[in-house]
Structures are given as structure tokens and as C-alpha cells.
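This report refers to the structure that appears directly beneath it.
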């Protein structure tokens with residue numbers, strides 16, 4: 001049902017017309033302006049910005065939950081305090097929620113707004129210095145909109161003294177930030193879409209490429225193999241799952257932000273039940289049980305103490321130390337990689353070995369071992385897994401990790417040993433992954449530090465089988481006893497391990513952002529064992545940095561991923 005745009009918001013569609021993107025900061029305290037603006041945006045398919053970034057600041061999620069349209073509801077479960085990104089209309093409408101104390105959020109989070117939406121209650125902004133946190137989100141030309149209210153004259157006077165030119169239309173407030181004094185520091189300006197070359201065709205590279213392509217870039221992705229996902233992203237199947245901790249540490253919050261980004265992408269690009277499934281994940285670790293940061297509230301939409309029935313179904317004691325993660329499941333990573341690289345603005349070139357990157361006038365060239373140019377573009381993104389290290393500063397602390405998984409076919413003989421859902425904790429077991437040759441299960445993985453040898457030797461495979469069986473014995477003791485033949489070299493049920501090499505940083509978090517002293521060169525790498533959960537978020541973070549967009553996660557969390565920490 002269409003919703004007319006209130007008169008006081010009418011300047012907004014006129015302002016964004018013909019712009020490729022627009023950024024709205026809404027501090028009205030409710031969701032009514034958001035709903036009206038989103039309807040107006042949907043009604044203008046030819047003259048609307050894509051993406052439209054709408055940042056809504058609320059003390060908590062209740063005002064939005066009470067009136068959000070049904071298609072939004074699935075992403076609105078489990079909205080905890082902080083910064084949450086909700087992806088709508090296949091990413092063309094990006095809703096970012098800042099949940100918590102508005103003054104604190106406005107001071108701590110960073111964005112540059114094209115439009116600031118004030119509510120009908122102007123009184124909070126008339127307090128001394130109350131307007132200052134909002135002004136830091138302005139650039140020259142930022143418009144301010146507010147409906148008619150009793151304090152409008154006082155608010156207009158305050159804005160005028162703060163550097164705004166005031167326009168009154170039908171009694172409402174319409175102003176533009178244009179102070180007669182020079183601004184203290186220039187605001188970040190969006191990079192205009194051009195051409196990009198991405199080194200690496202795995203989860204990191206395809207996510208970077210997709211996020212750039214979605215914003216209008218023409219992207220060339222260079223892969224070393226004949227097909228994408230020939231490295232660690234070719235894992236037969238893996239899990240996406242939130243990390244939990246009693247203090248809700250940065251990794252826990254990052255994992256949820258990663259899933260906020262990943263789940264809409266999977267729904268948009270991949271086939272449920274074939275490429276991925278939101279199955280839920282049971283977490284069990286008897287040696288190091290996980291503890292939750294919440295006992296009730298919205299966090300339970302993410303994780304809760306596992307019911308006794310779920311423990312029993314997996315062959316565990318009813319009182320086992322276990323958690324149930326609702327917004328979790330399994331994925332065939334190569335399916336996501338392939339789907340992202342099918343974006344019409346992306347071209348994949350395989351069998352390409354890049355020996356060197358060199359800057360040119362206004363861009364970057366990728367050269368092969370014979371000094372031939374294999375690609376040239378305005379910007380370059382290093383996302384080549386272990387091969388990334390050769391293009392990055394030598395002092396960055398990076399480590400290679402070889403990982404091997406044990407896998408096998410699902411048969412009538414082992415059906416009773418496989419739980420009804422994936423289980424993680426000490427390693428992880430993914431049961432019943434669909435495949436043309438019949439379903440299979442995957443158990444892993446090893447973490448072999450500073451080991452890069454491929455193919456894996458028979459002796460190393462035997463050691464990996466033993467390691468993975470030991471992990472399974474901690475995870476699901478009854479399953480380990482029944483599946484033991486599949487981990488025993490020489491037994492017909494034992495297949496060769498699947499092994500590849502990953503890259504990790506010193507703090508085991510991804511590296512995202514500009515490479516210092518190399519304008520136009522960026523890194524999205526070192527995803528380690530967290531590529532499935534975090535790669536989509538990292539691609540959006542990189543694109544957000546380039547386009548001066550509101551970031552898809554808390555500003556402090558973004559610093560945990562930024563290249564600046566590697567210096």
C-alpha cells in the first residue's frame with residue numbers, strides 16, 4: 001500500500017534525483033520518516049539513488065519493530081545495541097541502525113550525511129552543545145529537514161548560527177549547511193566508480209569484486225586456477241555461525257555483523273538446500289564450554305542454551321554444555337564465490353599468475369613473470385590468500401595455515417552416527433551436504449602453522465585424519481566411535497583429506513583497507529578460518545570506505561579490521 005510522502009520530506013526526492021547514491025541520517029526518534037522515504041524511493045525506479053543509505057538512530061529497536069513491513073521482519077530479529085546493517089531490496093536500500101544512547105552514538109560513529117532528518121520534537125537539540133554531535137556528520141551542502149513544531153523558530157535560529165542557510169516551506173524547516181567560515185577538515189568524498197582489478201578469486205576476492213560491481217565499478221578478477229575458488233574457498237562445505245563470549249568481545253560482535261551481511265547475500269545469490277542451508281548449529285565443547293553475554297532479550301534470537309532434546313538428538317547427554325545458534329548453518333563456499341563472480345560488471349580471468357603490481361599514472365598494472373601486463377585498472381585489491389603476502393609490506397605479521405578436513409559419503413551404515421544438524425566446538429562436523437554423487441559429511445579442520453606444502457603427503461594426511469578424529473571424539477563421542485573407519489588410512493571408507501593453505505594475521509582478524517603509501521592499492525585478505533562468516537562484511541566494508549558510505553558495523557569494530565593496525 002502506497003504511503004504519501006509528508007510535505008516536510010518533499011525536498012529529499014528532489015535532492016537525490018539523478019544521484020548514484022545518497023546518505024540520510026535520521027535522528028527523529030521513530031521510524032515514520034524511514035517508512036515514508038522508503039516508499040517514495042521505491043516509487044521512483046528511474047530517479048532514485050542506488051544504494052540509498054538510511055541511518056536510523058534509536059534508543060532501541062522497538063519503534064521500528066512495531067511498524068516495519070513484513071519483508072523486513074526476518075532481518076530485524078536479534079537487534080542488539082550498537083550498529084546493525086539491514087540489507088533490503090537486494091542491497092539497493094541499505095538500512096543502518098544505530099541502537100543505543102543517541103548522543104554517544106553520534107559522537108562515536110562516523111558518516112557524512114547528505115540529508116539530516118530531525119523529528120517533530122526539536123527541544124532536545126536546543127540544549128547547549130546538543131547540536132554539535134550532529135554537525136560533525138555534515139559536509140558543505142548537507143540539507144536539514146524537520147516538520148512544523150512549536151520550537152521551530154528557535155531551532156532555525158540555532159542552525160543559522162551553526163552555519164546553515166534557512167529555507168522555510170509551508171512552515172516546515174528546510175536548511176542547507178553552508179557556513180561562511182572554512183571547515184576545520186575536509187570531509188571524505190566518495191570515489192567515483194571506475195575500473196578495478198582484484199587479485200584472488202576466492203571468498204575474499206569475489207566479495208570485494210561483487211561489492212564494487214554493485215556500486216558501478218567494472219571489475220576484473222584474476223585467479224591462478226582454471227576456475228574460481230581453487231584455494232581454501234574450495235572447501236567442500238563449512239559453517240557460518242556466530243561466535244559467543246561472556247563479555248560479547250569484538251570477535252563476537254564481528255561475527256554477528258558478518259552474518260547480517262552474509263545471509264541476505266546467500267538469499268540473493270545462492271540456492272537454499274543445495275548451496276547452503278540455515279539449519280542452525282549446535283555448539284558443544286566439554287573442555288572449553290562457551291558462555292553467553294545474555295540470559296534473555298534479543299540475543300536469544302542468535303544463541304541460547306541448547307534444549308535437552310537437541311543435545312539428545314545429537315547423541316549428547318541432556319545436560320551437556322551446549323549452545324544452540326539459530327542464525328547459523330552450512331555453506332558450500334565455492335557456490336557463493338561463483339555466484340558473486342557472475343555479476344554483469346565482473347570479468348573473471350583464470351590461469352593468471354601475477355608476479356608484480358606496479359603503479360601507473362592514475363592506476364595499477366598487474367604483471368606476469370615475463371613482465372607482460374595482464375590487467376590494468378584505476379584501483380587494485382589484493383585478495384589472493386597466501387599469495388597476498390608478496391604484494392604487501394614486509395613488516396606486516398602474516399602467517400600461513402594449512403588446513404585439512406576429513407570427509408566421507410553418507411551411507412546406510414553411518415546414518416545413525418550423523419547428527420540431524422551441524423555441530424561445532426572442538427572442530428566442526430557438517431552432516432548430509434547435498435551432492436550429485438550423493439550426500440557427504442565433512443569434519444575438520446587442522447591448523448598446521450607455517451605449512452604450505454601441497455599436495456599433502458600420505459603421512460601428513462594420516463596425521464590429519466588422526467587429529468580430526470580426536471576433535472570429533474571431543475565434539476560427539478558416540479559419532480566418533482561409529483565413524484572411526486573413515487579416519488583410518490587403509491580402510492576402504494577412508495578417503496584422502498581435502499587440504500589447502502590459508503592466510504591469517506597476527507590477531508587472527510581479516511585485513512581490510514588501503515595499503516599505506518600506495519594510493520589506489522587496497523587489501524582484503526587474511527580471513528584465515530573465518531572467511532565464510534566475514535568475507536561478505538569485509539567486501540561491504542571496503543566498498544563503504546571507498547564510497548564514504550555509512551559503515552556496516554560499529555566504527556570501533558571497523559578499526560579492528562583496518563590496515564592501519566598492521567603498521
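Numbering (the UniProt record's numbering), first residue to last: 1 to 567. Note that CB positions come from ideal geometry on N, CA and C, so glycine has one too.
Query raised in the report: Residues in its own chain within less than 6 Å of residue 397 by CB, not counting five upstream and five downstream?
Result: Translated into the one-based positions of the chain shown, residue 397 becomes position 397. Closer than 6 Å at the Cβ level, and outside the excluded window around residue 397, lie 506.
Report task. Write down the C-beta distance between residue 131 and residue 158 rounded to the nearest angstrom, noting that I regard them as a contact closer than 8 Å. Result -> Taking the first residue of the chain shown as 1, we reach residue 131 at position 131. Taking the first residue of the chain shown as 1, we reach residue 158 at position 158. Confirmed, Cβ separation roughly 6 Å.
Report task. Give the range of the beta strand (DSSP E) segment to which residue 26 is assigned. Result -> As a working mapping, residue 26 is identified with position 26 in the chain shown. It spans 22–26 - the beta strand (DSSP E) in which residue 26 sits, taken as one unbroken run.
Query raised in the report: Which of the three DSSP states, helix, strand or coil, is assigned to residue 284?
Result: The sequence position of residue 284 within the chain shown is 284, counting from 1. Three-state DSSP puts residue 284 in a strand.
Report task. Output yes or no for whether 9 Å exceeds the beta carbon distance between residue 233 and residue 293. Result -> Here residue 233 is taken as the residue at index 233 of the chain shown, counted from 1. Here residue 293 is taken as the residue at index 293 of the chain shown, counted from 1. In this structure, the beta-carbon distance from residue 233 to residue 293 does not fall below 9 Å.
Query raised in the report: Under the DSSP definition of a beta bridge, which residues are partnered with residue 58?
Result: Within the chain shown, residue 58 is the residue found at index 58, counting from 1. Its beta-bridge partners are 99.
Requested in this report: Please name the residue in 59, 518, 498 and 566 whose C-alpha comes closest to that of residue 365.
Outcome: One-based indexing of the chain shown puts residue 365 at position 365. Ranking the options by Cα distance to residue 365, first place goes to 518.
Query raised in the report: Taking one C-beta from the segment 138–145 and one from the segment 161–179 each time, how about it: are there three or more such pairs within less than 8 Å?
Result: Touching, yes.
Query raised in the report: Within 10 angstroms of its Cβ, does residue 127 collect 16 or more other Cβ (buried), or is it exposed?
Result: As a first step, residue 127 is located in the chain shown; it is residue number 127 there, counting from the start. Taking all protein chains shown into account, residue 127 has fewer than 16 neighbouring C-beta atoms within 10 Å of its C-beta and is therefore exposed.
Query raised in the report: Around the C-beta of residue 181, are 16 or more other C-beta atoms found within 10 angstroms, so that it is buried, or is it exposed?
Result: Taking the chain shown and counting its residues from 1, one reaches residue 181 at position 181. Counting Cβ neighbours within 10 Å, residue 181 comes out exposed, since fewer than 16 surround it.
Query raised in the report: Mind checking whether residue 352 and residue 400 have CB atoms under 9 Å apart?
Result: As a working mapping, residue 352 is identified with position 352 in the chain shown. As a working mapping, residue 400 is identified with position 400 in the chain shown. Cβ distance not < 9 Å, so residue 352 and residue 400 don't count as in contact.
Query raised in the report: In whole angstroms, what separates the C-alpha of residue 283 from that of residue 419?
Result: Within the chain shown, the letter at position 283 stands for residue 283. Within the chain shown, the letter at position 419 stands for residue 419. Taking the straight line joining both Cα atoms gives about 12 Å.
Report task. With distances taken Cα to Cα, identify the nearest neighbour of residue 489 among 511, 408, 160 and 82. Result -> Position 489 of the chain shown, counted from the first residue, corresponds to residue 489. With distances taken between Cα atoms, residue 489 lies closest to 408.
**Report entry** Contact check, residue 223 vs residue 537, beta carbons under 9 Å
**Finding:** As a first step, residue 223 must be located in the chain shown, where it is residue number 223. As a first step, residue 537 must be located in the chain shown, where it is residue number 537. No; because the gap between Cβ atoms is not below 9 Å, this pair is not in contact.
Query raised in the report: Where in the segment 194–218 do unbroken runs of the beta strand (DSSP E), each at least 3 residues long, occur, reported from the N-terminal end onward?
Result: Positions of the beta strand (DSSP E) runs, each at least 3 residues long and wholly inside the segment 194–218, are given as 195–199 in order along the chain.
Query raised in the report: Skipping 5 residues on each side, what residues in its chain have a beta carbon closer than 6 Å to that of residue 544?
Result: For this step, residue 544 is matched to residue 544 along the chain shown. Excluding sequence neighbours, residue 544 sits near 551.
**Report entry** Environment of residue 1 [buried if 16+ CB atoms lie within 10 Å]
**Finding:** One-based indexing of the chain shown puts residue 1 at position 1. For residue 1, the pLDDT reaches just 42, beneath the cut-off of 50, and the residue's location in the model is therefore unreliable, although a value from the coordinates is still provided. Burial state of residue 1 is exposed, judged by a 10 Å Cβ sphere holding fewer than 16 other Cβ atoms.
Query - Euclidean distance between Cα positions of residue 92 and residue 328 - result: The count along the chain shown starts at 1 and reaches residue 92 at position 92. The count along the chain shown starts at 1 and reaches residue 328 at position 328. Near 25 Å, if we compare the C-alpha coordinates of residue 328 and residue 92.
Query raised in the report: Just the Cα atoms here: how many angstroms apart are residue 51 and residue 96?
Result: Counting from 1 along the chain shown, the entry for residue 51 is found at position 51. Counting from 1 along the chain shown, the entry for residue 96 is found at position 96. About 12 Å.
Requested in this report: Could you check which residue in 499, 498, 25 and 483 has the C-alpha nearest to that of residue 492?
Outcome: As a first step, residue 492 is located in the chain shown; it is residue number 492 there, counting from the start. That would be 483, whose Cα lies nearest to the Cα of residue 492.
Query raised in the report: Going by beta carbon distance, what residues of the same chain come within less than 6 Å of residue 313, once the five residues before and after it are set aside?
Result: As a first step, residue 313 must be located in the chain shown, where it is residue number 313. For residue 313, where only same-chain residues beyond five positions count, the Cβ hits under 6 Å are 420.
**Report entry** Uninterrupted alpha helix (DSSP H) stretches inside the segment 292–358 (no shorter than 4 residues)
**Finding:** Here the runs fully enclosed are 308–313 and 333–340.
Query raised in the report: Which one of 324, 78, 5 and 265 has the shortest CA to CA distance from residue 42?
Result: Translated into positions along the chain shown, residue 42 becomes position 42. If you compare the alpha carbons of 324, 78, 5 and 265 with that of residue 42, the shortest gap goes to 5.
Query raised in the report: Measuring CB to CB, does residue 134 end up less than 9 Å from residue 25?
Result: Numbered from 1 along the chain shown, position 134 holds the residue referred to as residue 134. Numbered from 1 along the chain shown, position 25 holds the residue referred to as residue 25. Against a cut-off of 9 Å, the Cβ pair of residue 25 and residue 134 comes out as a contact.
Query raised in the report: Could you give the distance in angstroms between the alpha-carbon of residue 275 and the alpha-carbon of residue 430?
Result: Locating residue 275 in the chain shown gives position 275, counting from the first residue. Locating residue 430 in the chain shown gives position 430, counting from the first residue. Taken atom to atom, the span from the alpha-carbon of residue 275 to that of residue 430 is near 13 Å.
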